[in-house]
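A.B. asks:
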Amino acid sequence: IDKLRLGAVSALLSGRKDVIVVSSVSCIYGMGGPVAMQESIIKLKRGQKIDRNDFLRQLVTALYIRNDIELQRGNFRVKGETVDIAMAYSDNILRVTWWDDEIDAIEEVDAITFHKIESFEQYEIYPANLFITTKEQTEQAITRIQDDLIKQVDYFKEIGDGIKAQRIKERVEYDMEMIKELGHCSGIENYSRYFDGREPGQRPYCLLDFFPKDFLLVIDESHVSVPQISAMYGGDRARKKNLVEYGFRLPAAFDNRPLKFDEFHSLLNQTIYVSATPADYELKESEGVIVEQLIRPTGLLDPEIEVRPSENQIDDLLDTIITRSHRNERVLVTTLTKRMAEELTEFLLNHDIKAAYIHSDVATLDRVKIMNDLRAGIYDVLVGVNLLREGLDLPEVSLVAILDADKEGFLRSHRSLTQTAGRAARNVNGKVIMYADTITESMQKTIDETSRRRIIQMKYNQDHHITPKQIVKDIKTNLPTSGDDNNMPYSKPVKAQQAYLDPDSGTFAADPIVLKMTKEQLKKSIDNTTALMKQAAKSLDFLQAAQYRDEIIHLQDMLDKKEQ
């Protein structure tokens, strides 16, 4: 993340006009000022006369660290007349070679092979940290930190809390020693107000300060991004409050914060809000200048919406899932609670449906893998609560089922329903089923808006003789996971495994289904059974875990024989 942030800042400081930065809402968090960063840029030119030691001092000022043994990102090493710099924002290494006191060559080399990639006549080296200061600023900052430390220690002593006074004194004095000796310390951003020369409460610099005045900001999924920006300041302050009150940080830590919403708004120049369901704020800011983008290049339509009674909704859903599964299509199901999602998943598994659930308790990396497995056909159904919404591109999903759609609230608002329904818009057979006993205002808005869009899309296709085409998208493999198999959701083992709970190994090995398994199927079965074994052990069902262990041993033996 740091490398990417430094790469974005260095591109903006270069003065290029063709820079596109993709960021989360974290772009409003505090960082070093653009003036200090600009002043710390080291400009090199082939043939330039510069003493090598002076250059090394400039690198240290730019917060690069000398390391002649192991060259890591943000380090540099010196070998004779050659200086290798592992730039903080690049995967390659910059090699600068001297002849006497003159720069003889500036080259970019591969970080592993050290083969030359490119030669340069001139080059700019950007700082290795987003919080950069001059020596004078550092001295002034240390003086101000010491003054505030004395005040905070006196405050804790006045209220009779000597432990907190000692804690803050030791911590800040250690940080000051690190800053004096190395120019930085762990958590230096919490002292950013002192280095920037800001007054208490004054807004920090952020990524937006590095853009030129005529920059364009595009806020994607603005109906959720804008509220996130509004909430960032309050969440950050609540977290910092305990650190300050218990003597872990000086009150200046409050000023290392994200921007308040009005501060963020004051930095905007030209803004495009992008959303399928714009909120009232975006509509007001747009002042009626709204562009609709309803036509897809593939000619696909918004999904048809059908309302079915909630009575026997689970049985009806099961029949519908089986139909879609036979057509090799995938299904998304949304419930109101995490417990309902887990119980529905277990119900589907018991009816031989390959299902999994996904909610906030599932690790982020595991969520990505689960959704990829859904596309690959390892699962036919994915059950969720509030994560099956914006940004999911699952072309194989042809059905979205919304349980208890008439329960008005955050999860069943007009925007939530529309966003959830949109997950079926990537499939030529896309359809949405809302299970409800009454049609709420939110449901009606979603149905009306979807119908309006479908009419426009169908007319366009008819006028231009376009036949809707299914989206074809590659499925990623070898995705990283959290590494904790215990966090993986319920998954459906292959049918052969259900008969393997009998400890009789002879019966197990003679099972005709097992004997006909391919090597790939055996490997997949071993992986699935391993996950089940760990889940059983976590639930303290050690007998079940032991049976799964025996299954794995027999499956591995069969796999070894097939590979011989």
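Note that the working numbering gives residue 55 to position 34 of the sequence shown, counting from 1, and the numbers run on in steps of one. We treat Cβ as the ideally placed atom computed from N, Cα and C, and that holds for glycine. These figures come from a predicted structure and were not determined experimentally.
To which residues of the same chain is Tyr226 closer than 8 Å at the C-beta, ignoring the five residues directly before and after it?
C.D. replies: Position 205 of the sequence shown holds residue 226. Gly51, Met52, Gly53, Gly54, Pro55 and Asp217, listed in sequence order.
A.B. asks: Grab me the residues of Asp169's own chain with a C-beta within less than 6 Å of its C-beta, minus the 5 sequence neighbours each way, in chain order.
C.D. replies: By one-based count along the sequence shown, residue 169 stands at place 148. Only Leu271 meet the Cβ criterion.
A.B. asks: Alpha carbon to alpha carbon, how far is Ile326 from Ile423?
C.D. replies: The residue you call residue 326 lines up with position 305 of the sequence shown. The residue you call residue 423 lines up with position 402 of the sequence shown. Ile326 and Ile423: Cα-Cα distance of roughly 11 Å.
A.B. asks: Quick one: what's Thr103 bridged to in DSSP?
C.D. replies: As a working mapping, residue 103 is identified with position 82 in the sequence shown. BP columns for Thr103 point to Lys100 and Thr118.
A.B. asks: Measuring CA to CA, which of Ile163, Leu315 and Thr358 is closest to Thr471?
C.D. replies: Here residue 471 refers to the residue found at position 450 of the sequence shown. Considering only alpha carbons, the answer is Leu315.
A.B. asks: In whole angstroms, what is the alpha-carbon distance linking Thr154 and Ile209?
C.D. replies: Residue 154 sits at position 133 when you count from the first residue of the sequence shown. Residue 209 sits at position 188 when you count from the first residue of the sequence shown. Taking the straight line from one Cα to the other gives about 11 Å.
A.B. asks: Could you tell me which uninterrupted alpha helix (DSSP H) segments, each at least 4 residues in length, are contained entirely in the region 418-498, listed from first to last along the chain?
C.D. replies: Counting whole runs of 4 or more residues, the region 418-498 contains the alpha helix (DSSP H) stretches 435-442 and 462-484.
A.B. asks: Start and end of the alpha helix (DSSP H) containing Thr539?
C.D. replies: Here residue 539 refers to the residue found at position 518 when the sequence shown is read from its first residue. Neither: Thr539 is in no alpha helix (DSSP H) and is coded neither H nor E.
A.B. asks: Give me the Cα-Cα distance between Ala162 and Thr358, rounded to the nearest whole angstrom.
C.D. replies: By 1-based counting over the sequence shown, the position of residue 162 is 141. By 1-based counting over the sequence shown, the position of residue 358 is 337. So the alpha carbons of these two residues sit roughly 50 Å apart.
A.B. asks: Quick one: give me the first and last residue of the alpha helix (DSSP H) that Ser213 is part of.
C.D. replies: Along the sequence shown, read from residue 1 onward, the residue named residue 213 stands at position 192. Element bounds for Ser213: Ser213 to Asp217.
A.B. asks: Could you check the C-alpha separation between Val20 and Gln143 for me, to the nearest Å?
C.D. replies: Coverage of the chain is limited to positions 22 through 585, which leaves residue 20 absent and any answer about it impossible.
A.B. asks: Any heavy atom of the ligand MN inside 7 Å of the beta-carbon of Gly255?
C.D. replies: In terms of ligand content, the structure shown is empty, and the ligand MN therefore cannot be addressed.
A.B. asks: Considering only C-alpha positions, which residue in the set Leu395, Asp382 and Asp401 is nearest to Ile343?
C.D. replies: Along the sequence shown, read from residue 1 onward, the residue named residue 343 stands at position 322. Taking only the C-alpha atoms, the option nearest Ile343 is Asp401.
A.B. asks: Select from Phe275, Gly256, Asn393 and Glu60 the residue whose C-alpha is nearest the C-alpha of Lys497.
C.D. replies: Within the sequence shown, residue 497 is the residue found at index 476, counting from 1. Minimum Cα distance to Lys497 is reached at Asn393.
A.B. asks: Apart from the five residues on each side of it in sequence, which residues of its chain come closer than 7 Å, Cβ to Cβ, to Cys206?
C.D. replies: Residue numbering aside, residue 206 sits at position 185 when the sequence shown is read from its first letter. Around Cys206: Asp196, Met199 and Ile200.
A.B. asks: For Leu33, which three-state DSSP category applies?
C.D. replies: The residue labelled residue 33 in the question sits at position 12 within the sequence shown. Leu33: helix per DSSP, three-state reduction.
A.B. asks: For Ser44, which option in Ile106, Ile240 and Asp72 has the closest C-alpha, if you only look at C-alpha atoms?
C.D. replies: Within the sequence shown, the letter at position 23 stands for residue 44. Ranking Ile106, Ile240 and Asp72 by Cα distance to Ser44 puts Ile240 first.
A.B. asks: Would Ile492 pass as a contact of Pro416 if the rule is Cβ separation under 8 Å?
C.D. replies: As a position in the sequence shown, residue 492 is number 471, starting the count at 1. As a position in the sequence shown, residue 416 is number 395, starting the count at 1. Closer than 8 Å, so yes.
A.B. asks: Can you tell which of Val453, Gln59 and Ile391 has the C-alpha that lies nearest to the C-alpha of Asp230?
C.D. replies: For the purposes of this step, residue 230 is identified with residue 209 of the sequence shown, where counting begins at 1. If we check each option's Cα against that of Asp230, Gln59 comes out closest.
A.B. asks: Output the boundary residues of the beta strand (DSSP E) element that contains Asp241.
C.D. replies: The residue labelled residue 241 in the question sits at position 220 within the sequence shown. Taken as a continuous stretch (DSSP letters only), the beta strand (DSSP E) holding Asp241 covers Leu237 to Asp241.
A.B. asks: Give, in chain order, every unbroken run of the beta strand (DSSP E) that is at least 3 residues long and sits entirely within the region 319-383.
C.D. replies: Runs found: 325-329, 351-355 and 376-379.
A.B. asks: Return the first residue and the last residue of the alpha helix (DSSP H) that Gly183 is part of.
C.D. replies: Along the sequence shown, one-based indexing puts residue 183 at 162. Element bounds for Gly183: Gly183 to Leu203.
A.B. asks: Is it right to say Gly451 is buried, meaning 16 or more other beta carbons lie within 10 angstroms of its own, or is it exposed?
C.D. replies: The residue you call residue 451 lines up with position 430 of the sequence shown. Per the 10 Å Cβ criterion, buried.
A.B. asks: Would you give the residue range spanned by the alpha helix (DSSP H) that Ile166 belongs to?
C.D. replies: If you number the sequence shown from 1, residue 166 lands on position 145. Run containing Ile166: Lys156 to Glu179, per the alpha helix (DSSP H) assignment.
A.B. asks: Could you check where the beta strand (DSSP E) with Val130 kicks off and where it finishes?
C.D. replies: Mapped onto the sequence shown, residue 130 falls at position 109. Where Val130 is concerned, the enclosing beta strand (DSSP E) stretches over Glu123 to Val130.
A.B. asks: Using beta-carbon positions only, say whether Ala83 and Ile63 come within less than 8 Å of one another.
C.D. replies: Position 62 of the sequence shown, counted from the first residue, corresponds to residue 83. Position 42 of the sequence shown, counted from the first residue, corresponds to residue 63. Yes, they are a contact pair.
A.B. asks: Any idea if Ser140 is buried or exposed, counting beta-carbon neighbours within 10 angstroms, 16 or more meaning buried?
C.D. replies: For this step, residue 140 is matched to residue 119 along the sequence shown. With fewer than 16 other Cβ atoms within 10 Å, it is exposed.
A.B. asks: Within the same chain, show all residues whose beta-carbon is closer than 8 Å to that of Tyr511, passing over the 5 residues directly before and after it, in chain order.
C.D. replies: The residue given as residue 511 occupies position 490 in the sequence shown. Caution applies to Tyr511, whose pLDDT of 48 falls short of 50 and renders its modelled position unreliable; the model cannot decide the point.
A.B. asks: Taking the straight line between their C-alpha atoms, what separation do you get for Ala426 and Phe177?
C.D. replies: The residue you call residue 426 lines up with position 405 of the sequence shown. The residue you call residue 177 lines up with position 156 of the sequence shown. Each residue's Cα considered, the two are about 54 Å apart.
A.B. asks: Since Val418 and Arg436 should fall inside the 8 Å C-beta cutoff, what is the C-beta to C-beta distance between them, to a whole number of angstroms?
C.D. replies: Walking along the sequence shown from the start, residue 418 turns up at place 397. Walking along the sequence shown from the start, residue 436 turns up at place 415. Not quite, the Cβ-Cβ distance comes to about 20 Å (not below 8 Å), so this is no contact.
A.B. asks: Below 8 Å, can you find three or more Cβ-Cβ pairs linking the region 250-261 to the region 279-298?
C.D. replies: Result yes; three or more Cβ-Cβ pairs closer than 8 Å.
A.B. asks: For Thr298, I'd like the list of residues in its chain whose CB is within less than 8 Å of its CB, leaving aside the five on either flank, ordered along the chain.
C.D. replies: In the sequence shown, residue 298 corresponds to position 277, counting from 1. Taken in chain order, the residues that qualify are His244, His435, Arg436, Thr439 and Gln440.
A.B. asks: For the beta strand (DSSP E) holding Ile391, just list the boundary residues, first then last.
C.D. replies: Position 370 of the sequence shown, counting from 1, holds the residue named residue 391. Looking at the DSSP string, Ile391 is not in any beta strand (DSSP E); the run it does join, the alpha helix (DSSP H), is Thr385 to Ala397.
A.B. asks: What does the alpha-carbon distance come out to for the pair Val247 and Gly443?
C.D. replies: Your numbering for residue 247 matches position 226 in the sequence shown. Your numbering for residue 443 matches position 422 in the sequence shown. Roughly 21 Å between the two C-alpha positions.
A.B. asks: For Ala109 versus Leu203, is the C-beta distance shorter than 8 Å?
C.D. replies: Taking the sequence shown and counting its residues from 1, the one referred to as residue 109 is at position 88. Taking the sequence shown and counting its residues from 1, the one referred to as residue 203 is at position 182. Result no, Cβ atoms of Ala109 and Leu203 do not sit closer than 8 Å.
A.B. asks: Should Phe563 go down as buried or exposed, given a rule of 16 or more other Cβ atoms within 10 Å for buried?
C.D. replies: Along the sequence shown, one-based indexing puts residue 563 at 542. Label assigned to Phe563: exposed.
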